[in-house]
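Here this note's numbering = 1-based position in the sequence shown + 823. Beta carbons are placed, not taken as given, at the ideal position from N, Cα and C, and that holds for glycine. Quantities reported herein were computed from a predicted structural model and do not represent experimental measurements. Working notes, beginning with the structure itself.
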Amino acid sequence: MKLKTLKLSHFRNYQGIELCLGPGLTILTGENAQGKTNLLESIFLLSLAKSHRTNHDSEMIEWDQEQARIEAVIETKNYEIPLALTLTKKGKVAQVNYLDQSKLSHFVGQFNTVLFAPEDMQLIKGAPNLRRRFLDIELGQANPIYLNHLLTYQRLLKQRNSYLKQEGRGKKFDQVFFEILTEQLCQEGAHLIQYRMEFLEKLGQIASPIHQNLSNGRDQLRLEYINGSQVYQPLSLEERIKQLLDQASTYASRERDQGTTLFGPHRDDFMTYVNDKKAQFFGSQGQQRTIVLSLKLAEIELIKQARGEYPVLLLDDVLSELDDDRQHILMSYIKDKVQTILTTATIKGLKLHQLPHAEIFYISAGNISKGEHYDGTNAITPTV
C-alpha cells in the first residue's frame, strides 16, 4: 500500500499544498514548529478519520477558515483509491472514490498506517489509556467489525454513565431501561475483549522473535491482557458476556454512589513482560525502547497478514529516540518493503546509506519545497 499524492487545504498551518510521494523513503525536514508533524497528522487522519493529537476537529482547521480538506490517492496492489476527508466545526465528511460515505466506519481502514512518535516511548510505563488507545487504533483500522463494536460500546457507555449521574441528582431511575443498557454494554464489551485478546496473542507471537533478535537473544517478550491485577482467561463469547454481567452486579452499588461504570474493557490494560518480569516496573529505559520498537515492527507485519499489503510507516522525529543500533535495525527492516515518511529537524546523522532511495522535502511555515534525491550513492549536503 502506498500514498501516491497528498493535497491539503486549510489544514493546520497549510493553506494549500500538493505533494507527490515516491514508493520508498520520504524525509520531511525543517526547524521545529514549521508543520512537519501536522503533515503526518493529516496522513494519519486518512487511516482512522481521527487525529492522534486532538479530539477537536476545529483545532485542525486553519485560522479564520470554515473547513479543512485532505485529499489523497492511495495505491494498492490491485487498484488506486481516491480518498478525501473534509473537517468542519460540526463534524467530518468522508469520501471514497469521490462518493460521500454515510458512516465514517466505511472510510476507516481503506488506508493503513503505523505511526511511531516520541510519545510512543510511554507505551510501556505510561497510563493504561495509552495502551488501550494503541489496541483500538490498530484493531480499528484493520478490522471494521471491531470498529463498529467499539463505536457502539462507547455510545452505550456514555448513555449508561449519564443515566448513573442522573440518579445521583435524584431523578427518577428506570431500572428496566438501565438493565437493558447494561446487557447491551456487556454484549459489545465482550466482543471488544475477545478481539483484543486475539490481537495481543498474534502481536506477541510476531513481536517475541523480533524482540529476541533486537536483544541479541538475551530477552524473552510476553504480553498479557488484564483487568486490574487479574489476567483474562480464554472464554467463549457467551461466557465472556456472563462474566461482564456478573461484574455489573458486583459493582452496582458503588456505581450508583460514584455515578460511573466501574467495569468493562474501557478500564482494561495489557502488561509487557521481559524474562517474566514486568517491564513497566523492572525494565531499563533501553529495554523499554526495544519493546516499543518490537511492537511497532510487529504491527507492520500483523497488518500485512490481515490486509495482504504493508501499511505506510509514519516516523515522527522518532530516530532521535533510538540509538544507532536500533536505528540500523529499523531502517534495515523497512528497506525495500514499506513506504516510510519520516520527519526530522535535520538530516545530519541519518543513516541514509542503509536505504537505496530517499526523497527529501524542506518545510518552512507551512510551505514545502522539494530537495535532493538520494539514490544510495550520492552524498547529501543539508541546506537546513
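Identified DSSP bridge partners for residue i
i, result
"residue 1050", "1053"
"residue 1096", "1045, 1101"
"residue 914", "911"
"residue 846", "Note: residue 846 sits in no beta bridge, so no partner."
"residue 852", "1167, 1185"
"residue 903", "898"
"residue 1191", "1186"
"residue 923", "918"
"residue 890", "911"
"residue 884", "834"
Under the three-state DSSP convention, the category residue i falls into
i, result
"residue 1171", "coil"
"residue 1149", "helix"
"residue 895", "strand"
"residue 939", "strand"
"residue 1144", "helix"
"residue 929", "helix"
"residue 1038", "coil"
"residue 1115", "helix"
"residue 1005", "helix"
"residue 840", "strand"
"residue 1203", "Confidence in residue 1203 is poor, its pLDDT being 48 and thus under 50, which makes the residue's placement unreliable; the coordinate value appears in the next sentence. The answer is coil: DSSP assigns residue 1203 none of H, G, I, E or B."
"residue 827", "strand"
"residue 834", "strand"
"residue 1064", "helix"
"residue 999", "helix"
"residue 1139", "strand"
"residue 1133", "coil"
"residue 966", "coil"
For residue j and residue i, the rounded distance between their alpha carbons
i, j, result
"residue 1215", "residue 834", "Only positions 824 to 1207 of the chain appear in the structure, and residue 1215 is not among them; the question remains open."
"residue 971", "residue 929", "10 Å"
"residue 945", "residue 953", "8 Å"
"residue 1171", "residue 1053", "47 Å"
"residue 1202", "residue 1181", "Note that residue 1202 scores 48 on pLDDT, short of 50, meaning its location in the model is unreliable; the coordinates nonetheless yield the value given after this. Taking the straight line joining both Cα atoms gives about 12 Å."
"residue 1079", "residue 976", "20 Å"
"residue 900", "residue 1163", "17 Å"
"residue 824", "residue 902", "10 Å"
"residue 1055", "residue 1097", "19 Å"
"residue 826", "residue 846", "8 Å"
"residue 1204", "residue 1192", "Residue placement at residue 1204 is poorly supported in this model, since its pLDDT is 44, which falls under 50; the coordinates are not used for a value here."
"residue 1000", "residue 986", "10 Å"
"residue 948", "residue 1144", "16 Å"
"residue 1067", "residue 1173", "50 Å"
"residue 943", "residue 1115", "7 Å"
Counted within 10 angstroms of its Cβ, other Cβ atoms place residue i as buried (16 or more) or exposed
i, result
"residue 1206", "Residue placement at residue 1206 is flagged as unreliable, the pLDDT there being 41, under the threshold of 50; a coordinate-derived value is accordingly withheld."
"residue 1128", "exposed"
"residue 1210", "Any answer about residue 1210 is impossible in this case: the structure gives the chain only from 824 up to 1207."
"residue 1063", "buried"
"residue 956", "exposed"
"residue 1100", "exposed"
"residue 1009", "buried"
"residue 1122", "buried"
"residue 922", "exposed"
Beta-carbon proximity check, residue i vs residue j, cutoff 7 Å
i, j, result
"residue 853", "residue 1187", "yes"
"residue 863", "residue 1092", "no"
"residue 958", "residue 1045", "no"
"residue 831", "residue 893", "yes"
"residue 934", "residue 870", "yes"
"residue 884", "residue 906", "no"
"residue 979", "residue 1007", "yes"
"residue 1194", "residue 836", "no"
"residue 1026", "residue 1125", "yes"
"residue 1012", "residue 1087", "yes"
"residue 1073", "residue 983", "no"
"residue 1005", "residue 1071", "yes"
"residue 850", "residue 1157", "no"
heavy atom of the ligand FMN below 6 Å from residue i C-beta
i, result
"residue 1132", "This structure does not include the ligand FMN; it has no bound ligands of any sort."
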